[in-house]
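Since the structure comes first, as structure tokens, the remarks are kept for the end.
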């Protein structure tokens with residue numbers, strides 16, 4: 027039985043009433059009440075009231091033990107999955123890495139170099155400009171006769187996410203010399219002219235002439251239609267480019283919608299790291315400047331995917347450490 031208030035017997039001052047409980051009335055001002063009296067604002071709730079959440083001292087308010095961080099081996103499959111998704115997204119929308127398979131762009135790019143290609147700006151309507159080094163899909167069998175491989179199912183999957191070169195996609199890399207509306211001309215050994223302006227081309231392979239004297243396409247004068255570009259390799263006497271594909275359905279032109287993107291950086295080997303800017307010769311006044319065939323270029327965005335995974339890993343580990351310290 028709980029505590030009860032004991033009152034005074036009527037008419038007998040100072041005599042204590044014994045044996046019979048008396049109903050407690052309101053406590054007078056200044057009276058001290060029992061800590062278990064519900065009306066006194068005690069620290070504990072009545073017996074039939076559930077404990078308040080978050081209470082630190084009572085049995086019902088005990089803080090649950092924090093979860094231990096998940097082991098690295100349990101997280102590894104998740105991290106691999108994140109890396110694969112990032113590789114696919116990066117390859118599709120942002121930047122793609124390509125391996126140079128031939129000598130047609132020497133000495134600007136050498137066989138075995140890796141370049142990073144900007145794939146983002148074309149999504150916003152950007153088109154190739156003169157002087158840029160671009161990667162593009164084979165317009166019309168420029169790579170005919172090149173050896174191809176027959177990948178197995180696993181290799182096909184890796185190619186799909188960009189961790190291996192694709193056996194189906196055949197891409198080339200050349201320099202844009204003319205854009206829609208330009209007239210590009212080669213006579214004799216050069217110089218190459220665009221809209222009547224001679225180009226100073228220090229990037230041409232040492233010992234090569236800007237124009238090739240042959241009857242297979244080295245001597246030409248072409249007008250580039252809108253929506254197309256005219257491309258040439260920097261190794262002029264060792265590049266099967268627009269000049270030598272004038273008999274195809276596009277007359278040697280490359281449709282702009284077949285351009286994958288602009289090569290912006292030589293990323294590997296590290297000793298050859300550097301950017302690929304537009305040469306000054308394409309900025310000369312009056313040019314109306316606008317803002318070697320080889321195997322398919324190899325795709326390798328996995329390094330970028332790994333770089334994207336590292337911040338995710340650090341964030342997850344930091345979050346678990348804070349949870350454990352709580």
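Numbering (this note's numbering), first residue to last: 27 to 352.
Using N, Cα and C, we set each Cβ at its ideal position, and we do this for glycine too.
Assuming residue i and residue j form a contact by the criterion Cβ under 8 Å, report the distance between their Cβ atoms to the nearest whole angstrom.
i           : j           : result
residue 141 : residue 287 : Not really, about 10 Å apart at Cβ, beyond 8 Å.
residue 262 : residue 243 : The Cβ separation is near 12 Å, so there is no contact.
residue 165 : residue 274 : 7 Å
residue 258 : residue 203 : 5 Å
residue 304 : residue 157 : 4 Å
Report all residues from its chain with a CB closer than 6 Å to the CB of residue i; omit the five preceding and five following residues, and keep chain order.
i           : result
residue 306 : none
residue 226 : 307
residue 234 : 262, 263
residue 159 : 201, 289, 302
residue 154 : 160, 202, 255, 285
residue 214 : none
residue 101 : none
Buried or exposed: residue i, going by 16 or more other Cβ atoms within 10 Å of its Cβ?
i           : result
residue 312 : exposed
residue 298 : exposed
residue 353 : Nothing about residue 353 can be reported from this structure: the residues present for the chain run from 27 to 352 only.
residue 211 : buried
residue 240 : exposed
residue 196 : buried
residue 309 : exposed
residue 58  : Confidence in residue 58 is poor, its pLDDT being 40 and thus under 50, which makes the residue's placement too unreliable to answer from.
residue 97  : exposed
Which same chain residues, not among the five before or five after residue i, have their C-beta less than 7 Å away from its C-beta?
i           : result
residue 221 : 208, 209, 313, 314
residue 129 : 137, 261, 264, 318
residue 55  : Confidence is the limiting factor: at residue 55 the pLDDT is only 45, short of 50, which leaves the residue's position unreliable, though a coordinate-based value still follows. Excluding sequence neighbours, residue 55 sits near nothing in its chain.
residue 51  : Note that residue 51 scores a pLDDT of 47, beneath 50, so its modelled location is shaky; the value from the coordinates is reported in the next line. Cβ within range, chain order: n/a, list empty.
residue 249 : 209
residue 223 : 310, 312, 313
residue 238 : 244, 262, 263
Who are the Cβ neighbours of residue i in its own chain at under 8 Å, not counting the five residues just before and after it?
i           : result
residue 139 : 125, 126, 292, 294, 295, 298
residue 170 : none
residue 283 : 253
residue 134 : 159, 201, 229, 260, 302
residue 300 : 291, 292
residue 236 : 212, 215, 216, 217, 218, 225, 227, 230, 262
residue 246 : 210, 211, 212, 269, 272
residue 276 : 165, 166, 254
residue 107 : none
On a Cα-Cα basis, can you pick out the residue from the options that is closest to residue i?
i           : options            : result
residue 278 : 239, 205, 223      : 205
residue 136 : 226, 304, 237, 231 : 231
residue 251 : 241, 150, 280      : 280
residue 271 : 179, 219, 133, 168 : 168
residue 120 : 101, 149, 107      : 149
residue 198 : 163, 180, 98, 179  : 163
Sorry if obvious, but does the Cβ on residue i come closer than 6 Å to a heavy atom of the ligand SAH?
i           : result
residue 270 : This structure does not include the ligand SAH; it has no bound ligands of any sort.
- Item | Whole runs of the beta strand (DSSP E) within the region 110–156, excluding any shorter than 3 residues | 121–125, 140–144
For this session: Report the residue ranges of all beta strand (DSSP E) runs contained in full by the region 192–232; include only those spanning at least 3 residues, in chain order.
Result: 197–205, 209–212
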